[in-house]
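K.L.:
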């Protein structure tokens, strides 16, 4: 192949109690990359659409570009050049892993065009380098599920240890992205630097309970465990109407509701698509009552990760 078109999915990170260690992929929204070989070395970012001109075309500053660059250096193919086009099909700064999806789509596309010299899981460190460019930290709770699909646990960074957890077939996510902005640095800076032993124990119980609930599967246990006593109380103040939107999700049948990544998007998990649709509408209605518009997405947990699209 000389040219390929790849779609990589958005993700929900943290998943309430699992700050920096849990993440899952959804079917939509996502990002799309078109990558084409060229006869001379170097990566050229031809165009970026859907970003309102906000993203850099310099390879070293672009999440997809740097991920491909690091990948080529690792496999010893810096002689291979590429021309890249990126279409952003999700809001920037949404808390849905926008930068991660771009990095994943880019490095996955390059690996495919070069005959898959690395396994899909081995592409993770290069996608993480895209995250380093985007936010200063090479975290994996977005790129992990976007690349591998499903629900993932980041057990360790040194060494990197990623675990995929099966999820119930009837588990659906409702995601509502309010049209406000939350700066990731602000969302990090607002967090408490120290937490009590009792709070830590409560959070550990919820982390263990959520994993057990997914594996059993036990929807009620999933719901009881989708509780964040460490991060959510601090970050909720950055999202207008948070308490009311969360209450609306629960009142309409959601198992639980929390902040996606650093926000401002909120997610809820439900049993069944019908309930998930109802939950999304109720959450959006609460934001609308405050004069805040939103986008809504309802999806099963995406099990595929990036996919090749037909031209």
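In UniProt numbering, the protein residues as written are 1 to 311. C-beta atoms are modelled at their ideal positions from N, C-alpha and C, and glycine is treated no differently. Model, not experiment: these values are computed from the prediction.
1. Would you decide whether residue 119 is buried or exposed? Buried here means 16 or more other CB atoms lie within 10 Å of its CB.
2. Mind checking who residue 269 pairs with in its DSSP beta bridge?
3. In the DSSP assignment, what are the bridge partners of residue 5?
4. By Cβ distance, which residues of its chain are closer than 7 angstroms to residue 231, with the 5 residues on each side in sequence left out?
5. Confirm, please, whether the CB-CB distance from residue 117 to residue 75 is below 7 angstroms.
6. Helix, strand or coil for residue 40 per DSSP?
7. Assuming residue 240 contacts residue 104 under a Cβ cut-off of 8 angstroms, what Cβ separation, rounded to an integer in Å, is found between them?
8. Excluding the five sequence neighbours on either side, which residues of its own chain have a C-beta within less than 6 angstroms of the C-beta of residue 268, listed in chain order?
9. DSSP three-state call for residue 106: helix, strand or coil?
10. Pick from 107, 271, 242: whose alpha carbon is nearest that of residue 326?
11. Among all the DSSP beta bridges, which residues are the ones paired with residue 294?
12. For residue 83, report the span of its beta strand (DSSP E) as first-last.
13. With a threshold of 7 angstroms on Cβ separation, who are the neighbours of residue 113 within its own chain once the five nearest residues in sequence on each side are excluded?
14. Can you give me the start and stop residues for the alpha helix (DSSP H) that residue 120 sits inside?
15. For residue 95 versus residue 261, is the C-beta spacing smaller than 7 angstroms?
16. Could you name the residues that DSSP lists as bridge partners for residue 156?
17. Whole angstroms is fine: what's the gap from residue 277's alpha carbon to residue 300's?
18. Among 290, 147, 151, 59, which has the Cα closest to the Cα of residue 212?
19. Taking the alpha carbon of residue 91 as the point to measure from, which residue in 70, 26, 178 has its own alpha carbon closest?
20. What do you get for residue 311, buried or exposed, if any count of 16 or more other CB atoms within 10 angstroms of its CB means buried?
21. Out of 296, 199, 157, point me to the one whose CA is closest to residue 21's CA.
22. Can you give me the start and stop residues for the alpha helix (DSSP H) that residue 72 sits inside?
23. CA-CA distance, residue 167 and residue 297?
24. Considering only the alpha carbon of each residue, which of 263, 219, 284 lies closest to residue 244?
25. Nearest to residue 219 by CA position, among 242, 266, 270, is which residue?
26. Tell me the rounded alpha-carbon separation between residue 145 and residue 41.
27. In whole angstroms, what separates the C-alpha of residue 24 from that of residue 215?
28. Find out if the Cβ-Cβ distance for the pair residue 303, residue 17 is shorter than 7 angstroms.
P.N.:
The short version:
1. Residue 119 is exposed by the Cβ-count criterion.
2. DSSP lists 173, 256 as partners of residue 269.
3. Paired residues: 34, 309.
4. Cβ within range, chain order: 14, 19, 191.
5. Cβ distance < 7 angstroms, so residue 75 and residue 117 count as in contact.
6. Reduced to three states, the DSSP call for residue 40 is coil.
7. 31 angstroms between Cβ atoms; not a contact.
8. Around residue 268: 174, 249, 254, 257, 279.
9. In the structure shown, residue 106 sits in a helix (DSSP, three-state: H, G or I).
10. Lying outside 1 to 311, the shown extent of the chain, residue 326 is not represented and no answer is given.
11. Beta-bridge partners assigned by DSSP to residue 294: 178.
12. According to the DSSP assignment, residue 83 belongs to the beta strand (DSSP E) that extends over 81-88.
13. Within the same chain, residue 113 has close Cβ partners 1, 4, 35, 37.
14. Here residue 120 belongs to no alpha helix (DSSP H), and DSSP marks it neither H nor E.
15. For the 7 angstroms CB-CB criterion, residue 95 and residue 261 form a contact.
16. Residue 156 pairs with 161.
17. It is roughly 11 angstroms from the alpha-carbon of residue 277 to the alpha-carbon of residue 300.
18. Of 290, 147, 151, 59, the residue nearest in Cα terms is 151.
19. Nearest C-alpha to residue 91: 178.
20. Exposed.
21. When only C-alpha atoms are compared, the closest one is 157.
22. It spans 63-75 - the alpha helix (DSSP H) in which residue 72 sits, taken as one unbroken run.
23. In a straight line, the C-alpha of residue 167 is about 19 angstroms away from that of residue 297.
24. The shortest C-alpha separation from residue 244 is found at 284.
25. The candidate whose alpha carbon is nearest that of residue 219 is 270.
26. Looking at the backbone, the Cα of residue 145 and that of residue 41 are separated by about 31 angstroms.
27. If you take the alpha carbons of residue 24 and residue 215, they lie about 15 angstroms apart.
28. Cβ atoms of residue 303 and residue 17: not closer than 7 angstroms.
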